[in-house]
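See below for the structure under consideration.
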Amino acid sequence: MNRFKEEDENRISSMTDPDDMMLEIMEILTETEVIPDVGGYYTFIYQAKTPRVEYDQFPLIACVGVYEWGFRGLNYHWGDFRNYTWEESSILRVVYPMELKPLRAIPYQSFTINN
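To convert, note that position 97 of the sequence shown is 103 in the numbering used here; the numbers rise steadily by one, no gaps.
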């Protein structure tokens with residue numbers, strides 16, 4: 007299942023503000039979960055708590071572990087594994103496998119330094 011149409015991908019990709027892109031993505035990805043499934047794909051809003059750390063405010067991940075403190079995922083924007091705590095993560099937007107390609111083509115990552 008792929009909820010992204012080619013015109014959605016083109017329209018969102020033509021935007022310049024990652025905040026606007028994420029809002030549009032959230033309008034399309036309406037299915038949510040609070041706790042991810044290992045092996046599932048998700049995008050969400052994240053606000054890191056560690057001072058002076060660079061983080062992706064809008065991660066796109068494959069969940070590889072769920073723990074008492076949060077979850078771990080392969081962040082496709084970083085190309086690396088990252089940890090996400092429950093308190094700093096919004097409700098997760100479910101991404102179906104067929105939606106990974108269009109989402110990876112949309113430059114909605116927002117790398118930010120926590121002050």
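Built from N, CA and C at the ideal position, the CB exists for glycine as well. Everything numeric in this text was worked out from a predicted model, so none of it was measured.
Three-state secondary structure assigned by DSSP to Ile31: In the three-state reduction of the DSSP assignment, Ile31 falls in the helix class.
Beta-carbon proximity list for Glu105, same chain, < 7 Å, skipping 5 on both sides: Asn8, Arg9, Phe10
What is the rounded straight-line gap between the Cα of Asn89 and the Cα of Asn16? 31 Å
If you draw a straight line from the alpha carbon of Tyr47 to that of Leu109, how long is it in whole angstroms? Between the C-alpha atoms of Tyr47 and Leu109 there is a straight-line separation of about 11 Å.
Since I believe Val72 is in contact with Ile41 (beta carbons under 8 Å), could you give me their beta-carbon distance rounded to a whole number of angstroms? Indeed they touch by this definition, with Cβ atoms about 6 Å apart.
Go ahead and pull the three-state DSSP assignment for Ile18. helix
Is DSSP giving Arg88 helix, strand or coil here? strand
By DSSP's criteria, Asp62 is part of a beta bridge. Which residues make up the other side? Phe117
By how many angstroms is the C-alpha of Pro57 removed from the C-alpha of Leu35? 30 Å
Report yes if the CB atom of Met27 is closer than 8 Å to the CB atom of Ile112, and no otherwise. For the 8 Å CB-CB criterion, Met27 and Ile112 form a contact.
State buried or exposed for Val101, treating a residue as buried only when at least 16 other CB atoms are found within 10 Å of its CB. buried
What separation, rounded to the nearest whole angstrom, lies between the Cα atoms of Ile51 and Asp86? 18 Å
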